[in-house]
Each structure stands twice: as structure tokens, then as C-alpha cells.
Amino acid sequence: MKILVLGSGAREHALVLALRSEEAGHELLAAPGNAGIARVATLVEVDMVDPVAVASFAIDQAVDLVIVGPEAPLIAGVADELRERGIPVFGPGRAAAQLEGSKAFAKRIMSAAGVPTGRATHARTAAEVADALDALGAPYVVKADGLAAGKGVIVTEDRAAALAHAETYLPTGPVLIEEFLSGPEVSLFFLSDGDAVRALSPAQDYKRALDGDAGPNTGGMGAYSPLPWLAEQFGSEDEFVAHVTETVALPVVRRLDEEGTPFIGLLYAGLILTPSGVRVIEFNARFGDPETQVVLPRLKTPLSRLLLAAATGTLEDEPRPEFSPDVAVTVVLASEGYPEKPETGRALSGLDEADAVEGVHIAHAATAESDGGLIATGGRVLNVVATAPDFRTARERAYEAIGRIRLEGSHHRTDIAARVE
Ligand code: AMP
Ligand code: GLY
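For the sequence shown, my numbering begins at 71 and goes up steadily by one.
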């Protein structure tokens, strides 16, 4: 197949690597891609947030499938244009992508579909924010309504900080004040063709910048899959997945279909397992980053087949995706100053040495070639990904590998997957 992947992060590198690992010998194109993706796919110059440009390119090049990585092209309507012109695309249209783009939309759909989530109030003024904070009590959870690259949420005991966070976002629209939910978090991905869904294996993300879940929220500093502790609460991973499929994924997909905005793509359910049951904290309309980097290396079913089935409405005919019993751990290498103010442009080296560690590969995020070497071009620079039969070995491999990479001032968490070792 000829496949175009849109995006430039480690998630897109993971997608391309998974497609490349199939025996089918696909022709892989990526826009804009990065230095790592360039090694396994052909980078092409198409503005990924321009629906007409992407569709024209896909038609000219006779692309069989377009996979949309990040949310920006979805919100820009890229999938709508492709679908209108008959090109199979894995990614929801603009309307269904509001599940991620607008927390108010997501809450409305969940309420209509009877999906369990935290109680929340929309506040439009500072006075409404104050009332809602006092009604729900501490710890306070305040969320910006639109896309904020993982930075729109604050969870704090400090009422003044909660108010201040709300006030930074109020000029752009209402903010959500949500009930605090406590428990372990799970990221569960569903492929959806608008009607049927297929779950992938669960993963856990580390959103805070520093060890012990301290520091500010980030786009994600590491992840692991599967989650062995799910079995304690649910009997098995399969039972957990079946439960979330019935109570979360299918009701949402049905509701969106009823509203005439079918969800064709990746439904990412961000869940908290509270003592009173599973609650949705957020939906995303695309693969998670960095969870994808640990889920896809464990996937045994050909990814292209699943994504094409979702894009063409034939997921019902596909058996459940199969996963290796091996585990995967990923650790993100971040630039100095990330997430507040990352330093970029610095030399990056040692990747071949890191890649040489058994079971390890590198997923590039913000990298570019410069003067014959690599430089870091953003906050989250790359992921080391380690697979192994057990978490102790996977962690050892990941940390051995990241120790071989040199980037002045860089930082990473040292406790990824430590809790499951
Ligand atoms: P979000 O951007 O909605 O995924 O939120 C980012 C992070 O904030 C989540 O991964 C949780 O760790 C935390 N969070 C969000 N909502 C809540 C909530 N209602 N209660 C507790 N923590 C939350
Ligand atoms: N890992 C969090 C996200 O992709 O939004």
C-alpha cells in the first residue's frame, strides 16, 4: 500500500516503524516528518493542516491510506476533505474531533451517552469560577475548554492558583471546573470505523515533568504497556477492556453516529480508576504520545490492515488485535527548560550506541539533521523504547540506552514503570 502519515513526532515515528515492520513492503510517505522518520519513510512537502493541499497530494500520488497523527489537521478539517474526495483516511472529521477539541462538547456527548465522567461546571466569569471551586472543594481541577497541548489543566490544593489558572483562559471562553477524581490512570485506545470498535492494549502515561509525579504537566514523559495491575481490580486485562468498550467506547461512538458526525479514527479514552468505578477524564481524537510508542511495538496484527478497515468501514470483519506478551517501556528525553521554555538547536549524539542496546529502538520527536549531525529542535526530543519479557529488564534496557545519549542540559524521568517492576 501507499500510505501517507501526517505529523512529526515520536508517535508518528512509531506509526511508521510499525507499518515498516509489516512484511507487505509498503511505500511510506510522511509530512512533515522528522530526522528519524526520514530514515524509514520519504518525507514530502505538504502543509498537513491544509485540507485541500493534503487531498490534492493524496490524489496526485494515488495514496491508498492517509493516517493523521496529531490533532491540528483533524481540527482543520483535513479528514473531511479527504473523505469527501474518496480517499481512505484514518482520523475523524472536524465535528467528531471536537471530542478532543472542546471539553464542553465531550461532556455533552458523555452525558447524552451515559458515560461515567467527573461532575463539572462551566464557568464564564471569575465569580462563577470561585463559586464552582467552593461548591466542589479541594483539590481543585480547572480545565481550559479548547486545545492547550496538555497545559490547559491544573490540579491543585491552592485555591488562588486555581483561580489564577482559570483567569488566564477566561478571555478565550468558559473554563471547566471539575470534581477531583482519584485513582490510577489508564490510556485505552480504540480503533473506530464509526460503528464498530476494536481496543488496543492499555498503557499508562507519566504526565508530570519530574520523578514522583512532581512538577508541571507536560505532553507526556514516559509510558509502559501492558498494565499488570489491572488484573487485580478486574480479573484480567481482557475483562477491563470489555468493560470500557461497553460502558465508554461504544456508547460514545453510537452517540456521535446518531448525531451525524461518525467517529472514524482513534478514540483515545483517558481514564481514572476511582474506588467507585472507571471515569473518563478526557478523550482525544488521535493516538496518544508517548503511549503509542509502547503499544504499537507489542501489536502483532498488521497495523495497516486495522487502520484501513477502520477507514473503510469494515472493522466489524476484523478479529481482535493481537498483542505480544512482551512488555514495553518508553522514556522521553526532554530539552533543558521543557516544558516551560525549552532550549533548542543543541547537538544530539549517542543514538547509535543507545539503539545498540538489546531490545531498544529510538523514536524521534523533535530532531533534525544539521551539518552532518543531529540537533534537538523542540521540548520532547526523542523516546527510547525498550521491549523485554519483563518490566525489570525493559527498564534496565531503556535506562542503559538513555544514558548513552548526549544532549547538553537534557532531562528525563528515572521512575518510568518503576511501580510495576
Ligand atoms: P487532561 O489534559 O484532561 O488529560 O488532564 C491532564 C491530567 O490532569 C490528567 O492526566 C490527570 O492526571 C489530571 N486530571 C485531569 N482531570 C482530573 C480530575 N478530574 N481529577 C484528578 N486529576 C485530573
Ligand atoms: N499522552 C497524552 C496525550 O497523548 O495526550
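Think of the CB as a built atom: it goes at the ideal place given N, C-alpha and C, for glycine as much as any other residue.
Here the structure is a predicted model, which means the values were calculated and not measured.
Based on Cα-Cα distance, which residue from the options lies nearest to residue i?
i	options	result
Val401	Gly340, Leu385 and His434	His434
Thr331	Ala80, Ser394, Leu376 and Phe175	Phe175
Pro158	Ile137, Gln274 and Lys177	Ile137
Ser394	Ala284, Ser271 and Arg465	Ser271
Arg483	Tyr239, Ile129 and Gly290	Gly290
Leu169	Tyr338, Ser91, Ala284 and Gly305	Tyr338
Ala398	Leu366, Ala380, Gly415 and Gly420	Leu366
Gly415	Thr384, Val451 and Arg489	Val451
Gly147	Gln131, Asp120 and Ser172	Asp120
Ala488	Arg462, Glu141, Val133 and Ala208	Arg462
Gly103	Leu87, Arg90, Glu97 and Glu82	Glu82
Leu206	Gly222, Arg229 and Gly184	Arg229
Gln303	Tyr294, His313 and Ser295	His313
Ile145	Thr238, Ala108 and Gly161	Gly161
Ala446	Thr382, His481, Ala464 and Thr384	His481
Gln131	Met71, Arg164 and Arg109	Met71
Val199	Phe333, Asn354 and Ala234	Ala234
Gly264	Gly340, Ala236, Thr382 and Pro345	Thr382
Ala196	Arg153, Pro241, Met180 and Glu154	Pro241
Val350	Leu377, Thr317, Ser126 and Leu376	Thr317
Ser172	Arg153, Gly222, Ala202 and Ala125	Gly222
Val142	Thr238, Asp441 and Asn354	What sits at residue 142 in the sequence shown is Ala, not Val. Cα-wise, what sits closest to Ala142 is Asn354.
Ala125	Glu154, Tyr294 and Leu369	Glu154
Asp204	Leu444, Phe310 and Ile247	Ile247
Ala424	Ile472, Lys370 and Phe333	Ile472
Glu392	Arg109, Leu376 and Lys370	Lys370
Leaving aside the five residues before and after residue i along the sequence, list all residues of the same chain whose C-beta is less than 8 Å from its C-beta, in chain order.
i	result
Thr315	Phe260, Val267 and Ala269
Pro244	Ala174, His192, Ala193, Arg194 and Asp215
Gly285	Arg278 and Ala279
Gly347	Pro186
Val455	Ala84, Gln363, Val364, Pro367, Ala398, Val399, Thr400, Val430, His431, Ile432, Ala433 and Ala468
Taking the Cβ atom as the reference point for each residue, do residue i and residue j lie within a distance shorter than 8 Å?
i	j	result
Ala417	Gly449	no
Gly156	Leu76	no
Pro298	Asp396	no
Ala111	Ala123	no
Gln363	Ala80	yes
Phe357	Leu326	no
Arg474	Gly420	yes
Pro321	Ala183	yes
Ser257	Thr344	no
Pro360	Asn287	no
Leu135	Leu378	yes
Glu328	Gly340	no
Run the CB neighbour count on residue i, radius 10 Å, all protein chains shown included, and call it buried at 16 or more, exposed below.
i	result
Asp387	exposed
Ala105	buried
Glu478	exposed
Lys411	exposed
Lys213	buried
Lys177	buried
Glu457	The question names Glu, yet the displayed sequence has Thr at residue 457. Classification of Thr457: buried, given that the 10 Å Cβ count is 16 or more.
Ile129	exposed
Ser262	buried
Gly95	exposed
Ala380	buried
Asp422	exposed
Arg390	exposed
Pro409	buried
Val114	exposed
Gln274	buried
Ala319	buried
Gly407	exposed
Ser306	exposed
Ser78	buried
Ser181	exposed
Arg465	buried
Thr437	buried
Gly292	buried
Given residue i, which residues of its chain have a CB within under 7 Å of its CB, disregarding the five upstream and five downstream residues?
i	result
Glu439	Ala105
Ala84	Thr362, Gln363, Leu366 and Ala433
Thr226	Pro209, Tyr210 and Ala232
Leu89	Ile73, His96, Leu98, Leu373 and Ser374
Glu491	Phe461, Arg462 and Arg465
Keeping to the same chain, check which residues put their C-beta closer than 6 Å to that of residue i; ignore five residues upstream and five downstream.
i	result
Glu470	Val427
Pro372	Glu92
Arg189	Glu249
Glu255	Ile342
Asp281	Arg483, Thr484 and Asp485
Gly163	Ala149 and Asp150
Val311	Ala269
Test item, CB below 5 Å from any non-hydrogen atom of ligand 2: Asp275, Gly290, Gly358 and Asp359
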